[in-house]
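One structure is given below, encoded as structure tokens.
Number of protein chains: 2
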Amino acid sequence: MSKLITLQTPLDMHLHLRDAQMLQLVAPLTAKTFSGALVMPNLVPPVTTKEALLAYKQRICNAAGDEKFEPYMTLFFQHYSYDFLKEVKEHIIGIKLYPAGITTNSETGVSSLDSETLRPTLEAMSELGIPLCVHGETNGFVMDREKEFMPIYASLAEAFPKLKIIMEHITTKAAVDLLDKYDNLFATITVQHLLITLDDVAGGMLKPHLFCKPIAKRYEDRSALQKVALSAHPKVMFGSDSAPHPKHKKESCGCAAGVFTAPIALQILAQFFDKYKSLENLQAFISDNALNIYGITPPKKEVTLIQKEFIVPQSYDNFGETVVPMYAGETITWSIVE
Amino acid sequence: MSKLITLQTPLDMHLHLRDAQMLQLVAPLTAKTFSGALVMPNLVPPVTTKEALLAYKQRICNAAGDEKFEPYMTLFFQHYSYDFLKEVKEHIIGIKLYPAGITTNSETGVSSLDSETLRPTLEAMSELGIPLCVHGETNGFVMDREKEFMPIYASLAEAFPKLKIIMEHITTKAAVDLLDKYDNLFATITVQHLLITLDDVAGGMLKPHLFCKPIAKRYEDRSALQKVALSAHPKVMFGSDSAPHPKHKKESCGCAAGVFTAPIALQILAQFFDKYKSLENLQAFISDNALNIYGITPPKKEVTLIQKEFIVPQSYDNFGETVVPMYAGETITWSIVE
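Residue numbers (numbering that gives the first Met the number 0), protein chains in the order written: chain Y, 0 to 337; chain S, 0 to 337.
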């Protein structure tokens with residue numbers, strides 16, 4: 000008899016939904032199987048006002064259609080006033096900080112990560128209970144960028160002990176090691192960083208659809224990530240960082256960073272947790288930990304997965320957009336029961 | 000007044016010319032500015048017989064046209080007999096060893112690199128004075144593969160002290176450090192590994208046209224390579240490893256390894272050596288060292304370069320093939336005087 004697992008209120012705590020036609024294409028794919036998702040604000044221009052935030056949320060809800068799905072909105076980090084943050088607090092789940100120029104659409108990010116420079120805004124966030132989500136990479140050598148960022152995480156965690164700081168899409172043993180050193184540090188982990196290393200991206204053929212930032216690292220890094228995910232470490236949440244780019248921008252002479260996993264993440268995670276005999280911990284990773292960390296109450300949704308082969312589509316196409324998912328054309332051994 | 004440099008008998012001691020239409024396209028581009036080139040034998044099937052060798056050489060000469068150009072032929076390493084090697088010696092400059100499956104068309108390469116397993120053939124080569132050219136990578140983590148191969152180089156160099164061993168397309172400080180430890184170790188260095196690191200391949204956008212094997216490494220590795228090239232280290236030769244792939248195989252969901260530099264290598268090298276005030280050492284790197292190491296007498300050719308802007312073509316197209324060069328569309332500050 001095939002194995003089954005039913006997940007309650009699956010959450011994707013790090014998601015790119017983009018805008019316009021791409022939003023139309025990808026929002027329903029997430030809304031179908033997730034109760035909610037933390038939505039990245041790195042549009043062009045980035046989401047920095049209440050008006051832009053509410054309008055974007057409305058566009059997401061429209062695109063998601065009739066599904067029970069809550070987009071948890073974020074602002075793009077800037078120096079915001081206490082009064083502004085107080086006014087906008089009920090509409091956001093956190094604020095996303097990007098070092099300037101570090102990834103897609105982050106040109107207007109933060110150029111100084113000094114705690115004192117950031118203090119007015121971070122203190123206001125701390126008082127108001129607004130979490131800080133961080134893309135933690137320096138502008139150093141590509142394999143060292145996340146590790147080099149650890150002292151910045153440490154100094155922020157120390158300087159603002161009541162501020163919840165989420166180390167987004169961690170990829171290194173260094174980040175895993177830091178997680179338990181500060182009560183107010185948390186982390187999201189993607190599907191791809193649980194499964195691949197740089198060998199998969201560039202060890203055989205070069206694979207643009209596995210290229211993302213932070214780039215996949217070494218085997219010992221992957222092992223560290225696997226360990227905390229599979230053991231349902233309470234400070235670790237699933238965040239897909241699913242980042243759709245049009246096919247022609249991935250398969251070109253300069254390929255944009257981002258792996259598209261939204262419609263296949265749950266199937267891959269079920270296969271992965273099952274492989275390591277940890278299926279019972281998937282509920283914590285996919286939802287419970289996030290509920291505890293963020294204190295949210297998403298719309299109820301049950302998703303049942305079955306151990307049955309599923310062939311990943313070569314692409315998802317609609318509204319004039321074409322996006323190639325991770326593992327396009329390959330077979331996953333778990334499927335969603337429709 | 001613009002600076003000038005005239006190079007005598009430029010040599011490319013590691014070159015992929017492929018076959019059929021691709022050979023027709025790329026052979027003239029090398030023959031135009033190089034006196035000779037050491038030609039890789041990794042065709043499908045690989046070059047392993049005298050007949051295949053001579054026929055391939057003839058096809059190269061035909062494709063190269065009227066230019067004074069000597070293709071220095073190599074055999075694909077197998078266990079060859081002394082008698083065979085003696086017979087074929089006058090037609091080859093060396094034998095190229097590929098660990099099985101390590102790069103393009105290397106599936107039939109060597110599966111054991113143990114000195115004793117290789118002894119019969121390597122001893123024959125040693126007696127006959129046939130150099131061994133090696134693609135030195137293990138099947139380990141992509142950033143470690145060359146470094147992990149160093150003990151194999153060391154054991155081969157020790158076991159066969161009269162065998163000239165060329166560490167092909169070295170990319171690491173580890174290989175540079177090994178170079179002077181054994182009299183019979185030599186090395187080729189490509190244009191791209193003098194100029195780029197993994198940051199250029201995957202630190203911003205992912206750049207398929209800068210993806211090759213061995214992959215570009217760290218800044219300290221690049222510095223070590225630059226130092227021996229710019230100082231005209233006598234055991235180091237230029238070998239472009241120029242490796243054309245059709246454009247559609249580079250800009251795709253699985254990009255083949257290889258950087259195409261043949262028609263722009265001299266211009267880039269002049270710019271690079273000039274930038275580091277080492278133009279006077281380019282002659283040794285581009286020809287004299289190879290003449291000494293291999294004891295060859297290529298057809299005489301003078302190539303004059305001038306400090307004048309040259310815009311790299313977006314692609315080279317002919318015979319139904321399209322190949323994108325390194326730095327397509329970018330400007331190099333040195334040109335060849337036609």
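The beta-carbon is built from N, C-alpha and C at its ideal position, and this holds for glycine as well.
Whether residue i touches residue j by CB criterion (8 Å)
i, j, result
"LEU52(S)", "MET21(S)", "no"
"ALA255(Y)", "LYS249(Y)", "yes"
"ILE335(S)", "LEU281(S)", "no"
"GLU122(Y)", "PHE159(Y)", "yes"
"ILE214(S)", "ALA201(Y)", "yes"
"GLU167(S)", "CYS211(S)", "no"
"LEU14(Y)", "SER239(Y)", "yes"
"SER286(S)", "PRO9(S)", "yes"
"GLY328(S)", "VAL311(S)", "yes"
"GLY108(Y)", "PRO119(Y)", "no"
"MET347(Y)", "MET0(S)", "An answer regarding residue 347(Y) cannot be provided, because it is not within the stretch 0 to 337 covered by chain Y."
"LEU184(S)", "MET149(S)", "no"
"PHE95(Y)", "MET12(Y)", "Reading off the sequence, residue 95(Y) comes out as Lys, not Phe. Contact flag unset, no."
"ILE4(Y)", "ALA289(Y)", "no"
"ILE188(Y)", "PHE237(Y)", "yes"
"ASP198(S)", "PHE140(Y)", "yes"
"ASP273(Y)", "LYS2(Y)", "yes"
Environment of residue i [buried if 16+ CB atoms lie within 10 Å]
i, result
"TYR218(S)", "exposed"
"ILE169(Y)", "buried"
"PRO27(Y)", "buried"
"ALA30(Y)", "buried"
"THR296(Y)", "exposed"
"LEU127(Y)", "exposed"
"GLY35(S)", "buried"
"ASN138(S)", "exposed"
"VAL258(S)", "buried"
"GLU320(S)", "buried"
"ASP179(S)", "exposed"
"THR32(S)", "buried"
"ASP316(Y)", "exposed"
"VAL43(S)", "exposed"
"GLN57(Y)", "exposed"
"PHE318(Y)", "exposed"
"SER110(Y)", "exposed"
"GLU89(S)", "exposed"
"SER105(Y)", "buried"
"GLN191(Y)", "buried"
Chain-ordered chain S contacts of residue i [CB-CB under 8 Å]
i, result
"LYS206(Y)", "CYS252, GLY253 and CYS254"
"ALA210(Y)", "First, the amino acid is wrong: residue 210(Y) is Phe here, not Ala. Residues of chain S passing the Cβ test: ALA201 and LEU205."
"VAL323(Y)", "CYS252"
Neighbouring residues, chain S, relative to residue i (Cβ below 9 Å)
i, result
"VAL311(Y)", "Near VAL311(Y) there are no residues of chain S at all, since even the closest Cβ is about 13 Å away, more than 9 Å."
Selection from the options that minimises the alpha carbon distance to residue i
i, options, result
"ALA261(Y)", "HIS244(Y), MET142(Y) and TYR275(Y)", "HIS244(Y)"
"LYS85(Y)", "LYS49(Y), ALA62(Y) and GLY100(Y)", "LYS49(Y)"
"GLY93(Y)", "GLN77(Y), ASN317(Y) and SER1(Y)", "GLN77(Y)"
"ASP18(Y)", "LYS216(Y), MET142(Y), TYR326(Y) and CYS60(Y)", "CYS60(Y)"
"PRO298(Y)", "VAL43(Y), GLU66(Y), HIS192(Y) and PHE148(Y)", "GLU66(Y)"
"ASN291(Y)", "PRO233(Y), VAL258(Y), TYR326(Y) and TYR315(Y)", "PRO233(Y)"
"ALA223(Y)", "ALA173(Y), ILE263(Y), ALA269(Y) and ALA186(Y)", "ALA173(Y)"
"LEU205(Y)", "LYS56(S), PHE68(S), VAL323(S) and SER251(S)", "SER251(S)"
"ARG144(Y)", "LYS88(Y), THR171(Y) and SER111(Y)", "THR171(Y)"
"HIS208(Y)", "PRO130(Y), LYS216(Y), GLY100(Y) and LYS246(Y)", "LYS246(Y)"
"ASP182(Y)", "VAL235(Y), ASP198(Y), GLY135(Y) and LEU3(Y)", "VAL235(Y)"
"ILE195(Y)", "GLU279(Y), THR332(Y), MET12(Y) and MET325(Y)", "MET325(Y)"
"LEU293(S)", "LEU16(S), ILE91(S) and PRO45(S)", "For the record, residue 293(S) in the displayed sequence is Tyr; it is not Leu. That would be ILE91(S), whose Cα lies nearest to the Cα of TYR293(S)."
"ILE267(Y)", "TYR81(Y), GLU308(Y), SER111(Y) and PHE318(Y)", "GLU308(Y)"
"VAL87(S)", "PRO70(S), TYR152(S), LEU112(S) and THR47(S)", "THR47(S)"
"ALA156(S)", "LEU193(S), LEU117(S) and LYS2(S)", "LEU117(S)"
Closer than 7 Å at the beta carbon, the chain Y residues around residue i
i, result
"MET236(S)", "Those do not exist, as MET236(S) stays about 27 Å from chain Y at its closest Cβ, beyond 7 Å."
"ILE214(S)", "ALA201"
"ARG217(S)", "PHE140"
Residues that residue i contacts on chain Y, provided the C-beta gap is smaller than 8 Å
i, result
"ASP198(S)", "PHE140 and VAL141"
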